[in-house]
Amino acid sequence: MKPSDPSAGACSTSLGLLFRQLRDAMWARMERELAAAGHELTFSQYITLKKLASGCTAGVTDLARAADLNPGAMTRLLDRLEARGLLARAADPHDRRALHIHLTDAGRDLWRDVDQCGARVRERAFHGMDEATRAQLTGLLEQARDNLLSPD
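Heads up, our numbering is the position in the sequence shown plus 89, with the first residue counted as 1.
Rendered as structure tokens:
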């Protein structure tokens, strides 16, 4: 049977490899889209801006986890974004060891344009799929994620 033959079943494709290829393709496409739009951002910087744009105040550890970086690498990434005037760090008034990181006005302005890059990448990923198929795929991926995160 050919691997693309639906009757071949899930065993014909390595699910983990497919997930990795999908993730890598999304990251590569996003970096190309950002570059084409004139934005000098890495995918990790994009993820960081996205998390901060959602309105939550985040710390280094939360942002590092979201961008799949270690905290030291995240601190260096934040230094670069702060030097560009895109975010600010403020000490937590209740815990002097913690920082609150948030977008500046310039960061929010940039995010509005960068978010459109993300929308184009998502649209490309879903090309040829109707709304019902898109929703089903998203739901199935969420279920697979949740199954793997479940404590048993």
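Glycine included, every Cβ here is placed at the ideal spot set by N, Cα and C.
From the options, pick the residue whose C-alpha is nearest to that of residue i; which is it?
{"i": "A180", "options": "T193, L158, L188", "result": "L188"}
{"i": "T137", "options": "E220, R154, T102, H216", "result": "R154"}
{"i": "E129", "options": "F108, L107, L175, A233", "result": "L175"}
{"i": "G144", "options": "F108, A124, T193", "result": "T193"}
{"i": "G109", "options": "T131, A124, L230", "result": "Before going on, a small fix: residue 109 reads as Arg here, not Gly. Taking only the C-alpha atoms, the option nearest R109 is L230."}
{"i": "L104", "options": "R234, S239, D241, P240", "result": "R234"}
{"i": "Q134", "options": "E220, H183, L106, D204", "result": "D204"}
{"i": "L111", "options": "D202, T131, R169, F215", "result": "F215"}
{"i": "D157", "options": "P182, T131, A142, R173", "result": "T131"}
Per DSSP, residue i is paired with what?
{"i": "A147", "result": "I190"}
{"i": "D184", "result": "D181"}
{"i": "L176", "result": "L192"}
Which residues mark the beginning and the end of the alpha helix (DSSP H) in which residue i is found?
{"i": "D113", "result": "104-125"}
{"i": "L229", "result": "220-238"}
{"i": "F132", "result": "132-142"}
Leaving out five residues on either side along the sequence, give the residues of the same chain with a beta carbon under 8 Å from the beta carbon of residue i.
{"i": "N236", "result": "none"}
{"i": "V210", "result": "M115, R118, M119, E122"}
{"i": "L167", "result": "T137, V149, L152, L176, R178, I190"}
{"i": "E171", "result": "A177, R178"}
What are the boundary residues of the beta strand (DSSP E) that includes residue i?
{"i": "L167", "result": "That residue, L167, is in no beta strand (DSSP E); its alpha helix (DSSP H) goes 160-172."}
Please return the same chain residues whose Cβ sits closer than 7 Å to the Cβ of residue i, not counting the five positions on each side in sequence.
{"i": "K140", "result": "A147, L152, A155"}
{"i": "R169", "result": "none"}
Among residues of its own chain, excluding the 5 on either side of residue i, which ones have a beta-carbon nearer than 6 Å to its beta-carbon?
{"i": "A126", "result": "C206"}
{"i": "A208", "result": "none"}
Subject >> Cβ contact check for the region 156-175 and the region 226-241: 3 or more pairs under 8 Å >> reply: no
Subject >> the region 107-120 in contact with the region 182-200 per 3-pair CB rule at 8 Å >> reply: no
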